[in-house]
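Here's the structure, in structure tokens; my notes come after.
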Amino acid sequence: MVVRKEQPLLFELGAPGRRGCSLPPPDVPVKPLEELLPARLRRGLPLALPELSEGELVRHYTALSTRNHGVDSGFYPLGSCTMKYNPKVNEELARLPGFAFLHPCQPEESVQGALELLYRAEACLAEITGMKRVTFQPAAGAHGELTGMLIVRAYHRSRNDHRKTVLVPDSAHGTNPASAAMAGFEVKEIPSDERGLVDLKALRAALDGDVAALMLTNPNTLGFFEEDILEIAEAVHEAGGLLYYDGANLNAIMGHARPGDMGFDLVHLNLHKTFATPHGGGGPGSGPVGVREHLVPFLPVPLVERGEKGYYWKEDLPLSIGRVHGFYGNFAVVVKAYAYIMMMGAEGLRQAAADAVLNANYLMERLKKSYDLPYDRRCKHEFVLSARRQKKMGVTARDIAKALLDYGFHPPTVYFPLIVEEALMVEPTETESKATLDRFAEAMEEIARLAEEDPKRLTSAPHTTPVGRLDEVRAARHPRVCWDGDGGSS
Amino acid sequence: MSGGRHFLPLTDAERREMLAAIGAASMEQLFDELPAEVRLKENGLKLPPPLSEMELRAHLGALAAKNMNLQDHPCFLGAGVYDHFIPAVVQHVVGRSEFYTAYTPYQAEISQGLLQSIFEYQTLICRLTGMEAANASLYDGATALAEAALAACSMTRRRKVLVSRSVNPHYRRVLQSYLEGRDCLLLEIPLADGATDFSRLEAMLDGETAALLLQQPNFFGLLEEELEGAAAMAHRHGALLVLSVDPLSLALFRAPAEYGADIATGEGQGLGSPPSFGGPLLGFFAARRELLRRLPGRIVGETVDGEGRRGFVLTLQTREQHIRRERATSNICSNQALNALAAAAYLAAMGPEGLREVAELCLQKAAYAREKIASLEGYAPAFPGVHFKEFAVKLPGSGSRLNRHLLEHGIIGGLDLETYYPELGPAMLFCVTETKTREQIDALARALEGWL
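Chains C and U, in that order, are what the protein sequence lines are.
Quick note on the numbering used here: the first sequence kicks off at 1 and runs consecutively.
Quick note on the numbering used here: the second sequence kicks off at 1001 and runs consecutively.
Okay, here's the thing in structure tokens:
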């Protein structure tokens, strides 16, 4: 039995007068503070920050870290997120002073190595996706989608075409419709057919002169490759629309096929998924956008170019959508992704994708006996089970997820995609061994058995975590998002 | 031999066994449904040959060595990214792989570490800004300001946004891209002596104005003086006041809440994250309590488990894209969680005393540098007024040429303002933080003196 206890907040630790850092005295002649900081501009509010010694601070965060599960802690088959192992050398390389301690506004001649790295990384990603140019400004996948949609908009407007509709399949990530809406588009959903693929008939019916783009994830969120992709591309282009590739699932096919060859006009990638950079507890990620030749003029500025005197920033792009980030995006993440690509090489990437697909199919084959598999066909890097059989016994997908915590596994993504009832979306990735997959399968099978024999054990799970199942409804009804002392939070 | 084998645990024997288990004859067969026209052959991608870890270190080490870094060369650039001291303990905290190899804490019971640390971060941001609600982070200061503008537009159902020309020009460019999407209009309030010309404000505000966007200290490092009046004027017209602030300045200078701001945003990179050539950065976003449900992105809230034990969860998720899709408050999903963690650890390490000391060091050193440079022949302060850690200087010649001259002396100079503000003529924005020594400032002054 685990001993459960709360970890005090930073604000409940320490004591007045304590501090966790040392700073030097001023080495310049000091002026009276009032002279530099007139009373009318002076802070009146108390500066209520924690007061801890360095040791207390380290204990606090070490305690918190033990209450957290990362890829380094154990299996993390969170569907659609590609939680693969993050190489350690990349962390060290991104922290080299020659990368970490560069200012984005330094003169070009003083940052030739950084520009060269961006240039080389761009070339690699352009080759992997079959695109002409790539921008690294977007800081995450959704940011890439927004950038892509702004490019779509600018492209059509440059042709004096004011198309208003963006199509997304009903299996799409929520970011797709949200990003399209942020770029001013109206969103229309395309249903999936009985294969779990885009319903080609419905798509053709929806395609008209108002469609600016179709946003497509391929393989899709059910884990299936859209095998009609060439017909889809032709139909979208015939209607004058653009085809957008959501790269969330590129891990399944890198080195085996390229979005550009399939007819996609622009793509975003998630370096934190496909290219092994850590997810950082929710970020930073990186969502570079690649485009084919006809969309290059609309890319955000600046772009890295190579000239006679070395690498330089090109700002002059009259049709550009402008900037989408204060500087050049999450550079340190690009360093890590580039390092990963350089270690893998073309064949390593291809092998990684194949292993990811093999791992997913192996798990799917085994788990389809204990759980319903709504679409039973060869998957790519992930697959979606349904807990509808277990639900009849009172055990939901959420209960199964919570029960998995007691086995030391991070659960699959639950309740997504929306088109599968009680969805459990499993993405094992290529960096897991067969032994780990077998252990996970055993846990899932045991949970399926318990659903029949002892459902209460599951509906009350988890039992071994630092806290029990948390009351999300209460959190939303009476939101406390900021601690305000003895009275609790506001 | 293919690269990256040390990341791929499957052996050939296991692959064969697993292929047999799923009824596939070969690895190639796993991709059978891909149209033949698009299938790549082996070696189909033209990438450089794979490197071992040793070769990789050499390759990236060589690239890093081609850059002049801020640890080896004094740098007087600011403009939104700052070279502040980072205590070792901060890197130790963000280097814990239980944090950095996790993703968004969807499964609260095994993510209490991250959730609690984000809750603490939100509280710290509220305390600094004087606001009552903060989110878990946005990409950077620029996109945080853009999200605030969008939030104001959707809240007021208005489509006009006023931004001062004293706001960071890169931020204004991002604003333009973001507002363009929503068909909102961005109008610029002109400058007077390096600060917002508030005499123009009344005429620009109207019943269509959603928000007034200002920066404090502004892009020139100058403290805007009329903010309370501006807040009152904006509110009279039903518009929101959004302030983009430097969090370190808040140790000394008035907090956004004290001016009557509705939303406070800003760049938090200076709180424990290295400059990293401009990213990852940290956008923070805080607001009055009434705006809680308008906040973009993730928010962590406090709750209890079945036995009444305190715990933390992602909350108010019905605002977000994965639930509300095209009607979400924003499309943001991944954010800058690890930088938020760094900021929280940094603020906790500093405490009130340390943070005030850092801010005072910036204030004193920047004042020393400003005076020193102003005393040189041909140089003059561009604007009067109260400054924090940045200041603009009129130059005797072009800023880009000056920077080349400074590089020859091993010094990374300031920002050439003429590119962004041609109306100023030759001018440079210098930033002096606590990491600059008197010796380095004096060396800068000597190099400036010897130029032309």
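The beta-carbon is built from N, C-alpha and C at its ideal position, and this holds for glycine as well.
Taking a C-beta distance under 7 Å as the contact criterion, U/Val1090 and U/Ala1251 do not qualify as a contact pair. Sequence-distant Cβ neighbours of U/Ser1117 in its own chain, meaning closer than 7 Å and more than five residues away, are Leu1341 and Ala1344. Note: C/Met215 is bridge-paired with C/Tyr244 in the DSSP secondary-structure output.
Annotation for C/Pro466: Arg4 and Arg67 place their beta carbon closer than 7 Å to its own, counting only its chain and skipping 5 residues before and after. C/Ile232 and C/Leu207 have their C-alpha atoms spaced approximately 10 Å apart. Assigned with DSSP and collapsed to three states, C/Val304 falls in strand. C/Gly241 and U/Tyr1100 have their C-alpha atoms spaced approximately 39 Å apart.
Where U/Glu1188 is concerned, the enclosing beta strand (DSSP E) starts and stops at Leu1185 to Ile1189. Assignment of beta-bridge partners to C/Lys188 by DSSP yields C/Leu167. If you draw a straight line from the Cα of C/Pro259 to the Cα of U/Glu1147, it is about 31 Å long. Note: U/Thr1196 is bridge-paired with U/Leu1191 in the DSSP secondary-structure output. By the C-beta density criterion, U/Ser1375 is exposed, having fewer than 16 other C-beta atoms within 10 angstroms. With contacts defined by Cβ atoms closer than 7 Å, U/Ala1380 and U/Ala1392 do not form a contacting pair.
U/Cys1153: member of the alpha helix (DSSP H) spanning Gly1141 to Thr1156, first to last residue. Cβ-Cβ separation between U/Ser1276 and C/Phe99: approximately 7 Å, consistent with a contact (criterion under 8 Å).
Shown here, C/Phe75 sits in coil according to DSSP, grouped into three states, outside any helix or strand.
Not a single CB atom of chain C sits nearer than 7 Å to the CB of U/Ile1189. Put simply, the CB of C/Asn68 is near chain U, with a gap under 7 Å to one of its CB atoms. For C/Leu13 and U/Phe1253, the gap between their C-alpha atoms comes out near 27 Å. U/Leu1145 is not a Cβ neighbour of U/Thr1329, given a cutoff of 7 Å. Scanning the segment 1273-1338 of chain U for uninterrupted alpha helix (DSSP H) segments of 4 residues or longer gives 1321-1324, listed from N- to C-terminal end. Contact of C/Pro374 with chain U is not assigned, every C-beta pair being separated by 7 Å or more. With its beta carbon at least 7 Å from every one in chain C, U/Glu1418 lies outside the interface. Shortest Cα-Cα distance from C/Cys105 to any of U/His1170, U/Asp1442 and U/Glu1224 involves U/His1170. Runs of the alpha helix (DSSP H) lying entirely within the segment 1054-1099 of chain U and spanning at least 4 residues, in chain order: 1088-1094. Between U/Ile1411 and U/Pro1074, the C-beta gap is smaller than 7 Å, which places the two residues in contact. For U/Tyr1106, same chain residues with a beta-carbon under 8 Å away, outside a window of 5 residues either side, are Leu1314 in chain order.
For U/Val1432, no Cβ of chain C is located within less than 7 Å of the residue's own Cβ. If you look at C/Arg388, you'll find it in the alpha helix (DSSP H) that goes Arg388 to Lys391. Under the 7 Å criterion on CB atoms, U/Tyr1103 is classed as interfacial with respect to chain C. Apart from the 5 residues on each side of it in sequence, U/Thr1209 sits with its Cβ closer than 7 Å to the Cβ of Arg1158, Lys1160, Leu1162, His1237 and Ala1239 in its chain, given in chain order.
By the rule that beta-carbons nearer than 7 Å mark a contact, U/Lys1160 does not touch chain C.
Closest in alpha carbon position to C/Val289, among C/Lys31, C/Lys309, C/Gly408 and C/Val334, is C/Val334. Proximity of the segment 109-128 of chain C to the segment 326-341 of chain C meets the contact definition, three or more beta-carbon pairs being nearer than 8 Å. In the structure shown, the three-state DSSP call for C/Ser460 is coil. Pairing C/Ile229 with U/Arg1298, the inter-Cα distance amounts to about 34 Å.
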